[in-house]
């Protein structure tokens with residue numbers, strides 16, 4: 727009899743333990759979980775897969791990613807300069823000086839995660855497009871636009887444009903970021 731009670735108690739405890747192990751949809755992660763825990767799935771980007779050849783994610787000349795003739799034709803009038811943004815080395819192309827009605831585009835290639843991973847942790851984009859086999863997503867902000875392009879299974883290209891002053895520069899910021907991304911993709915060597 728004592729053995730039977732122990733068996734019933736053990737089965738009840740096992741049942742309670744297993745009840746707490748439901749699927750992620752039944753038991754969503756709490757907001758207090760540590761940042762080191764990985765989500766069980768990443769939201770799929772709303773873009774088709776890349777059909778263009780994979781591009782290199784290691785670029786030595788950060789400001790060679792967009793040629794002088796390209797950045798001139800796109801309206802930049804300041805000498806490009808290498809800089810780092812969010813620990814990502816890239817190049818700043820700019821129209822107008824700081825404080826004027828201009829813009830600056832930061833262009834960089836990252837090999838620190840895939841396009842799907844980067845886009846999967848963000849809100850739904852304002853715009854999606856395809857640049858010759860390279861899907862892009864764009865996020866419009868009040869001061870500019872940030873665009874991500876799927877150039878490799880091992881990385882992505884970012885084209886981030888912002889106003890250089892408080893006056894509206896009079897252009898479609900996401901369209902300008904897209905033009906710089908398209909120029910960069912042409913120049914990045916295949917992997």
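In the working numbering, the protein residues as written are 727 to 917.
Positions of the beta carbon are idealized from the N, C-alpha and C atoms, including for glycine.
Less than 9 Å separates the beta-carbon of residue 857 from that of residue 911. In the three-state scheme derived from DSSP, where H, G and I count as helix and E and B as strand, residue 804 is classed as coil. Proximity to residue 795 across 917, 909, 914 and 775 peaks at 909, based on C-alpha coordinates. Going by beta carbons, residue 821 and residue 801 fall inside the 9 Å limit. In its chain, beyond the 5 residues on either side, 771, 773, 774, 775, 776, 841, 854, 855, 875 and 876 have a beta carbon closer than 8 Å to the beta carbon of residue 861. For residue 894, the closest C-alpha among the options 830, 864 and 865 is that of 830. Using a Cβ distance threshold of 9 Å, residue 839 and residue 881 count as a contacting pair. Residue pairing of residue 809 in beta bridges, as defined by DSSP: 816.
By alpha-carbon distance to residue 788, the top candidate from 799, 828 and 807 is 807.
Residue state for residue 881 is assigned as strand, using DSSP reduced to three classes. Cβ contact annotation for residue 859 (same chain, cutoff 6 Å, sequence separation greater than five): 777 and 778, in chain order. A distance below 8 Å between beta-carbons, with the five flanking residues on each side excluded, links residue 896 to the following residues of its chain, in chain order: 827.
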